[in-house]
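Student: Below you will find the structure I want to go over with you.
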Amino acid sequence: MKKTLLAFMLAASAGAFAANHEVKMLDTGKEGGMVFEPGYLKAQPGDTVTFKATHGGHWVQSKALPEGAADFLSEDGKDFTVKLDKEGVYVYVCPPHRMMNMSGVIQVGKPVNKTQAQAVADELEKRAMQNKGRLKKYMEQVK
C-alpha cells in the first residue's frame, strides 16, 4: 500500500516540476532582424513554451516534430503556449518571415528525431534569403 501511494504521489507531482520557458518573437534582436529569442531552447518532457508576440505580424508554426507530437500554429500577434510532451527536436518558423530565416529549435530531452529535424532544417536554410546559417547554428546545438 505504501509503495502504491508513493508511486501515485511521484506521478502526480511530476507536473509540479515542469518549467514554462519563454521565446520572444522579435522584429530585431541580438541576432539581427526577424528572430526568435532564444533561437535554441533545451527543455524537458512536460515543459511548456510560451511564444511572446512582442510585435504584430509574427506567429509560430511547427515544421518538424517528434513522432506523436501535435502540430502547432498560433494566431498573428498573439501569445501562444505549447506543451512539450514528446521527447525530440521541434523546428518551427514564423510563416510570414520564413524567407528571412525567422526560425527556431527546441530540444526536448533526447533528440530522437534529429535526422528528420535536420533534413527539415536543411531545406528551410536552402530557401532562406536572409540570415543564412541561423537555423544551422541552432541545429548544431542539438546533442
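Per UniProt numbering: the sequence shown = residues 1 to 143. Just so you know, even glycine gets a beta-carbon here, dropped at the ideal spot from N, CA and C.
Contact between the segment 74-88 and the segment 45-64 is defined here as three or more beta-carbon pairs at a separation below 8 Å; is this criterion met?
Tutor: They touch, by the three-pair rule.
Student: Please state whether DSSP places Val120 in a helix, a strand or coil.
Tutor: helix
Student: By a C-beta neighbour count over all protein chains shown, 10 Å radius and 16 as the cutoff for buried, is His55 buried or exposed?
Tutor: By the neighbour-count rule (16 or more Cβ atoms within 10 Å), His55 is not buried but exposed.
Student: Are Val82 and Thr28 closer than 8 Å when you measure CB to CB?
Tutor: no
Student: Taking C-alpha atoms, which residue in Met129, Tyr138 and Glu87 lies nearest to Met100?
Tutor: Met129
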